[in-house]
Structure formats: structure tokens, C-alpha cells
């Protein structure tokens, strides 16, 4: 038998029909005590830091909504036409374009340096917004903010997914995503406190940008020393822990399911992967509710006949409820190793809330406030689940890099949609805003259904050995298939 034939035979045995990558045995058995110790260590190192990073990123993205009702709109004439909506759009116009390039860069450098540099820069830009005196300057700074925040979320998802098994990842990702609700709640609380800082020379809304931007830039310097790097680079793990991590990840997705070389074959697999595109549109659909709600929640609550400071403080319980739903959904989803049903559950919960808001005429303020809880609870529960679901079903460095960036890029088109659907002349009912948001929610649900159905069919075909012809391909391609390898099984 020739060397090539022997290698092919070995690969066929290692990935025999019906054997998922996660069932292939690698090295010595993993010590469960050492594994739990490693997992506790990773939990202390990775997501607490990323939690703070993304909380600040989200806070600096949405603080324009708090500043808007504290006098910025009047001072910069944002009430004329759709100026405020355009200022929101400006951020996403650059944010979307730079996400994929950012994830290509982070693959080549240390994440600790890359992400901390982004933090420092967007913090400075946010501070500058506190000194603008024209609408044009505000829009320009929002474009720059989008550029420097573009690499944060896809980078964090990409890096963190290299440390956790597929069915222990979701609850951690949802904990991380609680940073967005903390940012929303903290933003309202901080805006409430800052409202008293107004002086004849410096309006309160300007201090919102200055204070929050200064905090971000200062912590960006600290972040360079605490953000974790790639598994092979990190200084947090010793040689034994790195080896244990490698064996854990190999047992979960398998070395046979790698994609560590970006060549024509790998690039074709990435472009033709329906999961990346369907999950991107899923993320876009369900994110319209969360992003538009985040930008306009203070304004919506103001329309419920609360004063500006009262509206700011009442955003907090909404975000607390959303965080609780996020954690509860993630725990149950990981426990059952299932995502699709939870996503559809969140879609249904938000739909009930939107139906109540669309029928709000003549209803009490408590009725409308309760509907907001349902909208945010459903939307925020499933937003991180969409990200985790895709990462569960991708394998290989380059596949995960492009997958995370592409999903977030497509998903954040929701920010552009959300920026224009709440039309001021339609207040307080905002029928266009609520109607479009619930429609997009069900568009996302349709994408989730299509993705789950296609993966279910693919799993059945692989179990029957209908994809084993891929093992006949050249060794270079066979070792670079990622989740296209016939031994990989998808999570529904």
C-alpha cells in the first residue's frame, strides 16, 4: 500500500460512517477534575473581561438615545426632518463594512492588543461627541465610532469560541450578552445622575458622552494586559493546561474537522455554507427589535407621559427582565443541547408584546409598559442564541472567523432598519416601528426554521453515509473541510 493510500485508509477509519467528530478518540482520557479546574479558570479569565469591554462598546453606541432626550436634539436641531435617524444610520454604515476585515486582522495579531486599541480609539471619539456644535460633526463622529467598534463583537465571539465546547458555550455567551442590558440599564441610570450636571456653558447631554468616553479609553489601556489571546499564545495557561484544552476541543469537533488553511477550497466552502447566510439573516431579523428598542426606549417611555428623568430610570427594570430571560434561556438551551425551539419561543414572546403595543390606543400606561417587557424579554433572550447557534455548527479557525464576522455584519443591517422605523410624526403609537419590528422578527423565525430543517436533513444524510464520497478527496482538502467533513454533526 502506498503512503497516500495508507493515509486515506487511516482517515476513513477515523471518520467511519455515522461517527461524529466528537465521538472520535484523541490521546489519553481527559481527567474530569483537571477539566473542571481548567473550565473554572477560563471562566474567571475570559468572559468577565469581555463583559466589560462589550458593555462599554454598547453603552457608547446607544448613549445618543439618552443624550437625545436630555437636550441634544434641541441644541443640534435633530428634530428637523429625520436627522436623528440619519445620525443612528451613520454608525451602522461603517460598522457593517469593517466587520469582516477586522476579523481577518484579529486572526493575524494578538486579540489583547487589537481589541484594547479599538477601545481606546472609540472612547476618544465618544468624548469628542460631547464637544460637537453641528449636526455634520455628530454624523462624522458616528461614522468613525462605527469603524472602531466594528471588530469588537465578531472578534470576541471568534476568540471565546476557541476555548469552550459547543454545548457549554451558550450560557457563557448569553452571560456575556447581558453586558448589553447592563449597558442599557446603566446608561439610563448614569443619564439620570448626569442630568443634574448641566451648567450655562455645558449642557448635561454633553457630559454623557465625555464621562462615558473617558471611562472607555482609560479601561482600554488596562484591557491590553488582561484580555486573553489565542490558545497557543495565552500567558494565562501553562503547557499542561494548553494540552488539556487542545484535547478537549479535539474531542468536541475533532482534528479531522479543521480549517486552518485559507485556500480556494476553504474559501469556496465558506461562501457556499447556507448556515452562515441564514444565521446572518436570522440575527438581522431578531435584532431589529432589540436595536430599535434600545435606541428609542427612552423616547417611547417618554411618550407614556413620564418626564425625561423618570423615563431614563424606568428603562432599568426592562433591561433587568431582559437579562433574566437571557440567562434562563441559555441555561435551558445548553442543558437540552438544543437552540431552535428556544429561538421560536423568543420570537413568539416578542410578538405578543408587539401585538399589545399595536393595540395600545385607549389602554393604560401600565398595559403599554408591560408590553415593552415582553418585547425586550423575547428579543434579548434569543439574540446571543443566534450567535452561539452558528458557532456550534462551524468548525475550523477560518470558518469560525468568517462565520462570526459575516453573521454580525449581516445582522447589524438591523441597526439601519431600526434607525428609520420609529417615525416622530407617528408618536405615540409608532405603528410603522412596531409593525416592521414584528415582521422582521418572523422573518428571522423563518430563517431559523429553514436552517434547522436543512441541518436536520444533512445529519440524516451523513448518518446514512451519503457524504462519505468526500473522503475520496485529496488529503490537503480532506484535512481542511471544517464542518463539511462527513463526520461532523450539527446542533439543532
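In my numbering, the protein residues as written are 37 to 528. All C-beta atoms in this analysis are idealised placements derived from N, C-alpha and C, irrespective of residue type, glycine included.
Check	Outcome
Near residue 432, which residues of its chain fall below 6 angstroms by C-beta distance, leaving aside the five closest residues on each side in sequence?	294, 295, 518
Below 8 angstroms on the Cβ atoms is my guess for residue 263 versus residue 152; work out the distance and round it to an integer in Å.	6 angstroms
Evaluate the contact criterion for the segment 163-171 versus the segment 237-252: three or more CB pairs, one atom per stretch, below 8 angstroms.	yes
Using only the alpha-carbon positions, how far apart do residue 400 and residue 391 sit?	15 angstroms
Can the beta-carbon of residue 303 be found closer than 8 angstroms to that of residue 516?	no
Can you confirm whether the segment 319-339 touches the segment 409-421 when touching is taken to mean that 3 or more C-beta pairs between the two stretches lie within less than 8 angstroms?	yes
Assuming residue 366 contacts residue 389 (C-beta within less than 8 angstroms), just tell me the rounded distance between them.	Their Cβ separation, rounded to whole angstroms, is 20 angstroms, which puts residue 366 and residue 389 out of contact at 8 angstroms.
Looking only at its own chain, which residues have a Cβ that is under 7 angstroms from the Cβ of residue 82, when we skip the five neighbours before and after it?	196, 199, 264
Output the boundary residues of the alpha helix (DSSP H) element that contains residue 32.	The requested residue 32 is not part of the displayed model; the chain covers only 37 to 528.
Check this for me: beta carbons of residue 205 and residue 452, under 8 angstroms apart or not?	no
Quick check on the burial criterion: 16 or more other C-beta atoms within 10 angstroms. Buried or exposed for residue 526?	buried
With DSSP run on the structure shown, which of helix, strand or coil describes residue 598?	Outside the shown range of the chain (37 to 528) lies residue 598, about which nothing can therefore be said.
How should residue 59 be labelled, buried or exposed, when 16 other C-beta atoms within 10 angstroms of its C-beta is the threshold for buried?	Confidence is the limiting factor: at residue 59 the pLDDT is only 44, short of 50, which leaves the residue's position unreliable and the question unanswerable from this model.
Contact between the segment 173-190 and the segment 248-255: three or more CB pairs below 8 angstroms?	no
Between residue 443 and the rest of its own chain, which residues show a CB-CB distance below 6 angstroms, the 5 nearest in sequence each way excluded?	315, 316, 319, 426
Cutting at 8 angstroms between CB atoms, please list the residues of its own chain near residue 257, excluding the five before and the five after it.	152, 156
Are the beta-carbon atoms of residue 445 and residue 145 separated by less than 8 angstroms?	no
Below 8 angstroms on the Cβ atoms is my contact criterion, and I expect residue 12 with residue 224 to pass it. Report the Cβ-Cβ distance as a whole number of Å.	With the chain covering only 37 through 528, there is no way to say anything about residue 12.
DSSP state of residue 301, grouped into three classes?	helix
Give the single residue among 162, 261, 232, 79 whose Cα lies nearest to the Cα of residue 201.	79
Applying the 10 Å Cβ sphere with the 16-neighbour rule, what's the burial state of residue 162?	buried
Residue 418 and residue 378 - do their beta-carbons sit closer together than 8 angstroms?	yes
Just checking my contact of residue 339 with residue 464 at CB under 8 angstroms: how many whole Å lie between their CB atoms?	4 angstroms
Report back the beta-carbon spacing between residue 487 and residue 321 to the nearest angstrom; my notes put them in contact at under 8 angstroms.	Going by Cβ atoms, the distance from residue 487 to residue 321 rounds to 12 angstroms, so no, they are not a contact pair.
Determine the direct distance from the alpha carbon of residue 524 to that of residue 513, and round the result to whole angstroms.	15 angstroms
Given residue 509, which residues of its chain have a CB within under 6 angstroms of its CB, disregarding the five upstream and five downstream residues?	none
On the three-state DSSP scale, how would you describe residue 2?	No information on residue 2 is available, as it lies outside the stretch 37 to 528 that the chain covers here.
DSSP three-state call for residue 159: helix, strand or coil?	helix
Cα separation between residue 233 and residue 246?	12 angstroms
Can you tell me the Cα-Cα spacing of residue 485 and residue 382, whole angstroms?	13 angstroms
Which residues mark the beginning and the end of the alpha helix (DSSP H) in which residue 402 is found?	401-428
Assuming residue 185 is part of the alpha helix (DSSP H), what are its boundary residues?	171-185
Would you identify the three-state DSSP class for residue 115, choosing helix, strand or coil?	coil
Among 326, 173, 177, 267, which residue has its Cα nearest to the Cα of residue 455?	326
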